[in-house]
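Read the structure below first, then the notes.
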Amino acid sequence: MNPIKDQKRPVKTVEITFEILEAIRNTGGATLQSLSEDLNLAKSTIHRHLGTLERNGFVMRQGDEYTTGMQFLDYGIEVRNSHPGFDLAREKTGQLAERTGELCVFLIEQHGQGYILCREEGPNAVRTGTRVGKPVYVHATAGGKAVLSQYSDEEVESIIDRWGLPPHTENTITERQVLFEELERVRDQKFALNREEHIMGLQTVAAPICNGGRTIGALCISGPANRMTGAYLKEENADLLLSAVNELELNLEYS
34 MNPIKDQKRP
44 VKTVEITFEI
54 LEAIRNTGGA
64 TLQSLSEDLN
74 LAKSTIHRHL
84 GTLERNGFVM
94 RQGDEYTTGM
104 QFLDYGIEVR
114 NSHPGFDLAR
124 EKTGQLAERT
134 GELCVFLIEQ
144 HGQGYILCRE
154 EGPNAVRTGT
164 RVGKPVYVHA
174 TAGGKAVLSQ
184 YSDEEVESII
194 DRWGLPPHTE
204 NTITERQVLF
214 EELERVRDQK
224 FALNREEHIM
234 GLQTVAAPIC
244 NGGRTIGALC
254 ISGPANRMTG
264 AYLKEENADL
274 LLSAVNELEL
284 NLEYS
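Residue numbers for the sequence shown follow this note's numbering, so the first one is 34 and each next one is one higher.
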């Protein structure tokens, strides 16, 4: 998922910089030679970009290999911490994980993608491939659908036009009309479900968090499909989730 490709009139030098960074990140480290071959660019061009990135801390050189630099960590933490309500949401996520024993996350939407800003594991939590900061398709996650349920049809259409509805599992929603019907159910019941739509074997319940007339994200509880089912999913955990969201929204309003 690369939003850079969606720009109608990209600045070429900036685009090259991001292509270099993306190549380094995807490989875990790259040499000048490999970058030149992979990106079909002259070594001299790539070398100038790498020199600028290295001087500013965005790449690090070890011998012939370049890796991403720690400056990204500083930027990322600043972005995360500045999100409205992050501190309160992180606290509530931890409390929810402790109480349910499951994996709980706080997810936001930006530029049509979902981003996990924090994740907390209870004693019974399962390990997944999701991590803080990793973008996910909003149509394939409970948190994403919870957020989308608060958007207008035009806003949802715009996100679909940009990112599509690609399948992740055989259960992923891939048709517009089906997604809009799902979002209507979410509005009615006040929570969203993910029935193995993003990761097979994993089910999730999520609810949107609103403050001051805007949706700031969603709280989510995830667990294995054999446990997160029936009343445990739709009643017990959904009730705990809605209660947590209600408390969080009140704290946000009066903080």
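Beta carbons are placed, not taken as given, at the ideal position from N, Cα and C, and that holds for glycine.
Status (buried if at least 16 other CB within 10 Å, exposed otherwise) for residue 14: Nothing can be reported for residue 14: it is not among the residues displayed for the chain, which extend from 34 to 288.
Contact under 8 Å by Cβ, residue 274 with residue 242: no
Residue environment, residue 142, which counts as buried when at least 16 other CB atoms sit within 10 Å: buried
Extent of the continuous alpha helix (DSSP H) to which residue 119 belongs: Start and end: 119 to 133.
For residue 169, the residue or residues it bridges with in DSSP: 147
Rounded straight-line distance, which links the Cα of residue 240 to that of residue 279: 10 Å
Beta-carbon proximity check, residue 133 vs residue 147, cutoff 8 Å: no
Identified DSSP bridge partners for residue 241: 251
Reference residue 232; option with closest CA among 200, 210, 214, 262: 200
Cβ distance (whole Å) where residue 288 is taken to contact residue 86 below 8 Å: Not quite, the Cβ-Cβ distance comes to about 39 Å (not below 8 Å), so this is no contact.
Same chain only: Cβ atoms within 6 Å of residue 271, ignoring 5 sequence neighbours per side: By the criterion of a C-beta distance shorter than 6 Å, residue 271 is surrounded in its chain by 224, 238, once the five residues flanking it on both sides are discounted.
Spatial distance of residue 104 from residue 60 (CA atoms): A straight line joining the alpha-carbon of residue 104 with that of residue 60 spans about 19 Å.
Short Cβ contact (8 Å threshold) for residue 130 with residue 175: no
Minimum length 4: unbroken alpha helix (DSSP H) runs contained in the segment 183 to 228: Runs found: 186 to 196, 209 to 222.
Continuous alpha helix (DSSP H) stretch holding residue 46: start and end: 45 to 60
Nearest residue (CA-CA) to residue 65, options 221, 55, 77: 77
CB contact flag (residue 49, residue 92, <8 Å): no
N-terminal and C-terminal residue of the beta strand (DSSP E) that residue 159 is part of: Membership of residue 159 in any beta strand (DSSP E) is not indicated, and neither H nor E is assigned to it by DSSP.
Which of helix, strand or coil DSSP assigns to residue 235: strand
Beta-ladder partner(s) of residue 152, from DSSP: 138
6 Å CB neighbourhood of residue 102 in its chain, flanking five on each side removed: 90, 91, 92, 93
As assigned by DSSP and simplified to three states, the class of residue 256: strand
Integer-rounded CB distance, given that residue 83 should sit under 8 Å from residue 110: 24 Å between Cβ atoms; not a contact.
Where residue 230 sits in the DSSP three-state scheme: coil
Interface flag, residue 170 vs chain B, CB-CB below 8 Å: Chain labels in this structure do not include chain B; a single protein chain is all it has.
Pairwise C-alpha distance: residue 127 and residue 46: 42 Å
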